[in-house]
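> Each residue of the sequence shown is one higher than the one before, starting from 6 at the first, in this note's numbering. Here it is, the structure in full.
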Amino acid sequence: MSTRVRKTQYLLRLLANPKLYSLLGSPFEDPLKLDSLLSTVCYGSLFISELIKRRPELVQILSRLARKLKIQGLLSLIKAYILKIQRALDPKQCLSIHIPLDSLSTKLRLISDYIADVRIFNRMWGLPGLLAFGIEDLHRILTADSSFITKLLEATGTISIVAYQPLENVAFAADHNWTHHEQSASLRYYVASSRLWAVFVVLEVVKLVKTMVQTKLSGKPLDLLHNRSLNRSLVANIANLPLTVHWSSYDGCLSDLTVGFLGTMSTLLDTIDSWREVFAQVRQL
6 MSTRVRKTQY LLRLLANPKL YSLLGSPFED PLKLDSLLST VCYGSLFISE LIKRRPELVQ
66 ILSRLARKLK IQGLLSLIKA YILKIQRALD PKQCLSIHIP LDSLSTKLRL ISDYIADVRI
126 FNRMWGLPGL LAFGIEDLHR ILTADSSFIT KLLEATGTIS IVAYQPLENV AFAADHNWTH
186 HEQSASLRYY VASSRLWAVF VVLEVVKLVK TMVQTKLSGK PLDLLHNRSL NRSLVANIAN
246 LPLTVHWSSY DGCLSDLTVG FLGTMSTLLD TIDSWREVFA QVRQL
């Protein structure tokens, strides 16, 4: 039996196995994994949309960088791409490159905006569970054998992330005209909720730095590359930190390209881990 036939038979058996579809659906059943996946798609779509929109500008930047670094191969590649773009932008030439890319950029932005709404709408219904977490965590903090400063910082982080959610809920409802609030009230609530999120993220970074310092002082190796619980949290919170500043100001301070990149990085590793687990189990079927 040829290799191609064996692969075809395996693929057919796999597609007929209901466990395959249960495994593929498992990340969507976990609220945290689902939000991570939606966040990655949301911000990733925004990032790619902005890359496409700014392609002439980015090509020029890469071209200048290649000249400074004297990377001739890259420079030739960029020059060839510039010629393609110039031809695409020439009204006398076929616009087969220009129009689909611009259309793709617009559609990716629409996808990003829609998923952003879906994520907030989904989080609205997580408030009871979040309140339960807050009460339990505050009880744990108050009964823990730790210093007053540690308790204060941990309690502040818990209260800020719990209080963040109802404010975001009101902002979302007002933004969609589901309440009697004026449209301007939505932005005020969004900014207030984002500032509470900023407090939480800053305290999370402080805790991570404290853990790293304590590990170094104890003489243990700080293997960030293989310590997933640490490196995942570190990357996510460092990426989220500028985003909290951006959303905490009324006019924002970051470009959409930067927001898309940072947002993608904040959840990309967790999303990859989730699907890596799924595919590892699929291979065992």
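Just so it is clear, CB atoms sit at the ideal spot from N, CA and C, and this is done for glycine as well.
Going along the chain, which residues of its own chain have a beta-carbon closer than 7 Å to the beta-carbon of GLY4, five neighbours each way excluded?
The chain is shown only over 6 to 290; residue 4 falls outside these bounds and no answer can be derived.
> Going by Cα to Cα distance, which pick from TRP280, GLU282, SER271 is closest to GLY49?
SER271
> For LEU172 and ALA197, which I take to be in contact (beta-carbon distance under 8 Å), what is that distance rounded to the nearest angstrom?
5 Å
> With a cut-off of 8 Å, do at least 3 Cβ pairs link the segment 264-284 to the segment 39-56?
yes
> On the DSSP letters alone, give me the boundaries of the alpha helix (DSSP H) that LYS24 sits inside.
It spans 23-34 - the alpha helix (DSSP H) in which LYS24 sits, taken as one unbroken run.
> How many Å lie between LYS97 and ALA21 at the Cα?
In this predicted model, LYS97 has a pLDDT of only 48, less than 50, meaning its place in the structure is not dependable; the value taken from the coordinates is given anyway. Those two C-alpha atoms are separated by around 52 Å.
> List the whole-angstrom C-beta distance separating LEU213 from SER165, where the pair is believed to meet the contact cut-off of C-beta under 8 Å.
Actually they do not touch by this definition, with Cβ atoms about 16 Å apart.
> Using alpha carbons as the reference points, say which of ALA203, ASP35, ASN174 lies closest to ALA190.
ASN174
> Could you tell me whether the Cβ atoms of ARG279 and LYS38 are closer together than 9 Å?
Arg is not the amino acid found at residue 279; the sequence shown has Ser there. Yes.
> Which residue marks the beginning of the alpha helix (DSSP H) containing LEU157, and which one marks its end?
Residue range 153-180 is occupied by the alpha helix (DSSP H) that includes LEU157.
> Tell me which residues share the same chain as ILE57 and place their Cβ nearer than 8 Å to its Cβ, disregarding the 5 neighbours each side in the sequence.
LEU106, ASP107, LEU109, SER110, LEU113
> Please say whether ASP142 and GLU159 have beta carbons closer to each other than 9 Å?
For the 9 Å CB-CB criterion, GLU159 and ASP142 form a contact.
> Using a Cβ-Cβ cut-off of 6 Å (strictly less than) and excluding sequence neighbours within five positions of LYS117, which residues of its own chain qualify?
Correcting the residue type first, residue 117 is Ser in the shown sequence and not Lys. Excluding positions up to five away in sequence, the list reads CYS47, SER50, LEU51.
> What's the C-alpha gap between SER44 and THR269?
Our two residues, SER44 and THR269, have alpha carbons roughly 7 Å apart in a direct line.
> Quick one: what's got a C-beta closer than 7 Å to VAL10's C-beta in the same chain, skipping five residues either side?
The answer is none, since no qualifying residue turns up.
> Mind checking which residues open and close the alpha helix (DSSP H) that includes PRO133?
Run containing PRO133: 132-148, per the alpha helix (DSSP H) assignment.
> Can LEU290 and LEU28 be called in contact, C-beta distance under 9 Å?
yes
> Please tell me whether PHE177 and ILE125 are closer than 9 Å, where the distance is taken between their beta carbons.
yes
> Using three-state DSSP, classify THR184 as helix, strand or coil.
Reduced to three states, the DSSP call for THR184 is coil.
> Quick one: grab the DSSP three-state call for PRO105.
It is helical.
> Note down, in chain order, each residue of its chain lying with its Cβ closer than 6 Å to the Cβ of GLY162, except the 5 sequence neighbours on either side.
The residues PHE205, LEU208, in chain order, have a CB closer than 6 Å to that of GLY162 in the same chain once the five nearest residues on each side in sequence are set aside.
> Assign TYR169 to buried or exposed, taking buried as 16 or more other Cβ atoms, counted over all protein chains shown, within 10 Å of its Cβ.
Buried, because 16 or more other Cβ atoms sit within 10 Å of the Cβ of TYR169.
> Please report how far the alpha carbon of ARG237 lies from the alpha carbon of ILE53, in whole angstroms.
23 Å
> Of all the options VAL218, LEU274, SER223, VAL211, which has the alpha carbon lying nearest to the alpha carbon of HIS231?
Taking only the C-alpha atoms, the option nearest HIS231 is LEU274.
> Residues in the same chain with beta-carbon distance under 6 Å from LEU246, minus the five sequence neighbours each way, listed in chain order, please.
VAL206
> Mark LEU292 as exposed unless 16 or more other C-beta atoms lie within 10 angstroms of its C-beta, in which case mark it buried.
What the structure shows of the chain is the stretch from 6 to 290, and residue 292 is not part of that stretch, so it cannot be assessed.
> Measure the alpha-carbon distance for VAL123 versus LEU132 and round it to whole angstroms.
One C-alpha to the other measures close to 15 Å.
> Please return the same chain residues whose Cβ sits closer than 7 Å to the Cβ of MET217, not counting the five positions on each side in sequence.
LEU227
> Hey, could you find the ends of the alpha helix (DSSP H) ARG281 is sitting in?
261-287
> Among the residues of its own chain, which have a CB less than 7 Å from the CB of ALA285, if the five just before and after it don't count?
For ALA285, where only same-chain residues beyond five positions count, there are no Cβ hits under 7 Å.
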